[in-house]
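Quick note, the sequences are listed as chains W and B, same order. Counting from 0, one number per residue, gives the positions in the first sequence under numbering that gives the first Met the number 0. Counting from 0, one number per residue, gives the positions in the second sequence under numbering that gives the first Met the number 0. Yeah, the Cβ is synthetic: ideal placement off N, Cα and C, and Gly gets one too. The structure presented is a predicted model; accordingly, all values stated were derived computationally and were not measured.
2 protein chains.
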Amino acid sequence: MGEEMSNKQIILKDYVKGSPKESDMILKTSTVELKVPDGCDGAVLVKNLYLSCDPFVVVRMMKMEDSYFDSYTPGQVIMGYGVAKILDSSNPDFKKGDLIWGITGFELYSLIKSTQSLFKITCTDVPLSFYTGILGMTGMTAYAGFYEICCPKKGESVFVSAALGAVGQLAGQFAKLFGCYVVGSAGTQDKVDLLKTKFGFDDAFNYKEEADLNAALKRYFPDGIDIYFDNVGGKMLEAALPNMRAHGRIAANGMISQYLLEEEEKIGNLLCLVKKQIRMEAFIVFDYYHLYPKYLEMVLPLIKQEKLVYVEDIVEGIEAAPAAVVGLFSGRNVGKQVVLVAPT
Amino acid sequence: MGEEMSNKQIILKDYVKGSPKESDMILKTSTVELKVPDGCDGAVLVKNLYLSCDPFVVVRMMKMEDSYFDSYTPGQVIMGYGVAKILDSSNPDFKKGDLIWGITGFELYSLIKSTQSLFKITCTDVPLSFYTGILGMTGMTAYAGFYEICCPKKGESVFVSAALGAVGQLAGQFAKLFGCYVVGSAGTQDKVDLLKTKFGFDDAFNYKEEADLNAALKRYFPDGIDIYFDNVGGKMLEAALPNMRAHGRIAANGMISQYLLEEEEKIGNLLCLVKKQIRMEAFIVFDYYHLYPKYLEMVLPLIKQEKLVYVEDIVEGIEAAPAAVVGLFSGRNVGKQVVLVAPT
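Pasting the structure below:
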């Protein structure tokens with residue numbers, strides 16, 4: 000028999016409709032035995048240290064068809080990326096004491112049966128929380144999106160929407176380090192200032208203060224956009240299309256402006272694709288995880304040499320998770336939203 | 000002094016607004032000296048044999064901004080692809096008697112200064128008119144679109160819209176020969192029958208008789224579409240998006256449903272791009288002309304072995320060109336629309 004512990008869990012109460020609310024989730028306390036149960040060969044039992052608040056966590060709370068993510072079932076623990084410590088393992092690849100990042104539960108302790116999505120953490124002279132973001136899924140998304148999908152060339156003009164979001168801030172910095180001209184959009188003046196002063200973007204603007212997004216983009220990109228790293232979709236995508244240069248590339252990383260709408264907005268200007276021979280490509284980070292070692296090789300030195308700015312918004316305690324997750328959609332967080340569950 | 004000849008020319012009267020009409024063009028008779036004028040080094044003087052009616056010819060008659068094609072100026076001769084014979088040359092690459100295909104004028108005789116867009120015709124044991132289509136720009140478009148943009152795999156499901164159009168019929172047949180399952184859409188029952196009986200499509204449907212295009216595509220592709228070769232854009236693109244399979248590819252070859260609209264239709268379902276990691280890519284055939292010799296190597300044997308069906312709709316006389324061009328947009332033609340100007 001393993002030790003029995005109280006386990007606090009964030010449970011989906013019912014499918015989210017409209018804007019997500021904290022009350023869509025409930026905190027439940029149950030007990031957990033800190034041991035992989037018999038018959039769960041290959042599983043690990045972990046103590047969660049940090050949890051990552053990502054838009055897809057909310058998307059999975061909605062009853063969606065045709066998504067790459069299955070919806071959670073009401074009554075189920077919310078799942079998402081996290082950093083955790085192995086307490087017990089029936090898997091030869093992981094042993095007690097190992098640190099991992101990957102898909103876990105929004106709870107104090109999780110039994111993880113799908114260990115193929117776990118990555119062992121070997122470099123620990125950086126904050127562990129970074130593995131919820133810059134050194135985890137978020138970082139890999141920015142990396143794959145910018146380098147693999149956008150196929151950048153030095154000197155090209157890059158537009159990043161939701162540029163202070165977890166992925167956007169990294170995509171923009173990768174583009175700057177690569178030698179591109181980079182402009183970002185965000186939803187508050189504070190974020191715009193941060194982009195320009197702290198994150199080294201060449202320019203930035205508050206999309207909420209622009210009556211005409213098309214005109215705004217023309218102002219920031221008089222010669223057009225080569226690469227649009229799109230995190231928002233909708234009206235911003237519609238405005239970006241006529242501003243693209245010939246042979247432009249659009250990485251459709253996400254469409255956060257659309258996820259919560261009852262009906263998706265229709266957009267115009269698609270004819271620009273044909274007129275300008277544009278490639279618009281969506282991707283899922285899972286398809287690029289084989290590049291993770293290569294990514295670490297690039298990004299770890301950049302972090303240590305302080306050539307990348309990385310901002311986290313860390314709230315404490317599993318109880319704070321629902322508000323943190325919900326806040327993603329109101330633009331509440333500044334930087335990567337993380338929940339500190341336990342320091343070790 | 001060269002011989003002076005009467006030259007019949009199709010001239011743009013005024014910019015096309017709304018649907019193109021024959022009366023947007025006028026037939027003008029002038030005289031031409033059958034000799035490259037002094038000071039036109041590198042130019043050739045040709046006798047036009049066949050002219051190709053392509054949608055872009057009409058697009059160039061409209062006052063469009065931001066297009067890859069410059070608009071014609073009213074009073075200017077209509078330009079387009081054609082097959083022609085060199086009558087005089089000041090260009091070392093071409094000599095009197097050579098047959099070429101490329102951009103020429105809609106007139107009996109043309110002085111061509113931009114010879115870099117001309118291809119010499121070396122294989123003449125096929126109908127010369129084929130160089131306006133299957134052996135010219137149209138064929139190269141289908142080839143580059145299908146092989147280079149769609150990256151097909153054997154056994155994949157392919158949907159082709161405007162499938163009896165000049166490009167569509169070839170793209171569909173290339174897909175069949177490659178080992179794909181191919182369904183096409185067209186706008187009359189006759190065209191649908193032709194696709195199924197003559198062109199070897201696995202299935203075909205009349206989009207004008209489908210109240211719900213999304214449902215129609217679900218019926219023909221219960222397991223989804225891997226490749227959509229899009230010639231029409233608009234509502235068909237909107238319907239195709241939710242029917243795409245994960246990692247699907249859309250070759251945005253043209254959007255003929257949109258060219259004549261005062262304001263482009265907005266379309267929904269773009270979120271499907273993100274949900275299914277779809278790549279939607281537009282292209283211009285000019286970027287692939289370096290593959291022309293490779294294409295000829297593939298397509299000439301297929302033509303000679305009668306493994307490709309190729310249907311032309313040939314009208315006679317330069318006077319017939321305006322109606323032929325205009326007819327493209329009402330779906331009048333069956334197969335590639337060609338104007339026979341002179342037999343040799």
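Counting C-beta pairs with one atom in each stretch, the segment 117-131 of chain W and the segment 300-320 of chain W have three or more that are closer than 8 Å, which means they touch. DSSP places glycine 79 of chain W in the uninterrupted beta strand (DSSP E) bounded by 78-88. At least one CB atom of chain B sits nearer than 8 Å to the CB of asparagine 268 of chain W.
Residue-level contact by beta carbon fails for phenylalanine 105 of chain W and chain B, as no gap is shorter than 8 Å. With a contact defined as Cβ atoms closer than 8 Å, proline 54 of chain W and glycine 253 of chain W qualify at about 6 Å. Using a Cβ-Cβ distance cut-off of 8 Å, the segment 232-242 of chain B and the segment 242-259 of chain W are not in contact, since fewer than three pairs of beta carbons, one from each stretch, lie closer than that value.
Three or more Cβ pairs closer than 8 Å define a contact, and the segment 196-207 of chain W falls short of that threshold against the segment 137-144 of chain W.
Inter-residue distance for proline 36 of chain B and leucine 107 of chain B is about 17 Å (C-alpha atoms, whole angstroms). Scanning its chain for C-beta atoms nearer than 7 Å, with the 5 sequence neighbours on each side dropped, one finds around leucine 194 of chain B the residues Ala162, Leu163, Gly183, Ala185, Phe200, Ala203, in chain order.
Within the DSSP secondary-structure output, methionine 24 of chain B pairs in a beta bridge with B/Leu11. When rounded, the separation of the alpha-carbon atoms in leucine 110 of chain B and aspartate 222 of chain W is 35 Å.
Shown here for tyrosine 287 of chain W: same chain residues with a beta carbon closer than 7 Å to its own, the five before and five after excluded, namely Met139, Ala143, Glu147 in chain order. Excluding its 5 nearest sequence neighbours in each direction, lysine 190 of chain B has C-beta neighbours in its own chain below 7 Å: Leu163, Val333, listed in chain order. With contacts defined by Cβ atoms closer than 8 Å, isoleucine 25 of chain B and valine 76 of chain B do not form a contacting pair. Taken through DSSP and simplified to helix, strand or coil, arginine 218 of chain W comes out as helix.
For glycine 138 of chain B, there is no enclosing beta strand (DSSP E); the enclosing alpha helix (DSSP H) covers residues 136-142. Valine 57 of chain B does not reach chain W, its nearest Cβ partner there being about 15 Å away, counting only Cβ pairs nearer than 8 Å. The beta carbon of glutamate 263 of chain B lies closer than 6 Å to those of Gln257 in the same chain, with the five residues before and after it left out. DSSP places phenylalanine 93 of chain W outside both helix and strand once states are collapsed to three, so it counts as coil. Closest in C-alpha terms to serine 160 of chain B, from the list B/Glu2, B/Ala251, B/Asn47, comes B/Ala251.
Taken through DSSP and simplified to helix, strand or coil, alanine 210 of chain B comes out as coil. In the DSSP assignment, glutamate 311 of chain W falls within the unbroken beta strand (DSSP E) covering 311-315. Proximity of the segment 117-125 of chain W to the segment 268-282 of chain W falls short of the contact definition, fewer than three beta-carbon pairs being nearer than 8 Å. When only Cα atoms are considered, tyrosine 49 of chain W and isoleucine 226 of chain B end up about 41 Å apart. Chain W places a beta carbon closer than 8 Å to that of methionine 254 of chain B, counting this residue as a contact. At least one C-beta of chain W is nearer than 8 Å to the C-beta of leucine 272 of chain B. Secondary structure note for glycine 38 of chain B: it is in no alpha helix (DSSP H), with a DSSP letter that is neither H nor E. Taking all protein chains in view, the Cβ of aspartate 87 of chain W is crowded by 16 or more other Cβ atoms within 10 Å, so the residue is classified as buried.
When CB distances to chain W are screened at a threshold of 8 Å, the residues of the segment 202-236 of chain B falling below it are Gly232, Leu236, in chain order. Under the 8 Å criterion on CB atoms, lysine 265 of chain W is classed as interfacial with respect to chain B. Taking a beta-carbon distance threshold of 8 Å, alanine 319 of chain W does not count as an interface residue toward chain B. The Cβ-Cβ distance between asparagine 242 of chain W and leucine 272 of chain W does not fall below 8 Å.
In the structure shown, glutamine 276 of chain W falls within a coil segment according to DSSP collapsed to helix, strand and coil.
Bounds of the alpha helix (DSSP H) holding lysine 195 of chain W are 188-196. For leucine 339 of chain W, DSSP records a beta bridge to W/Tyr49, W/Glu315. Contact of phenylalanine 145 of chain B with chain W is not assigned, every C-beta pair being separated by 8 Å or more.
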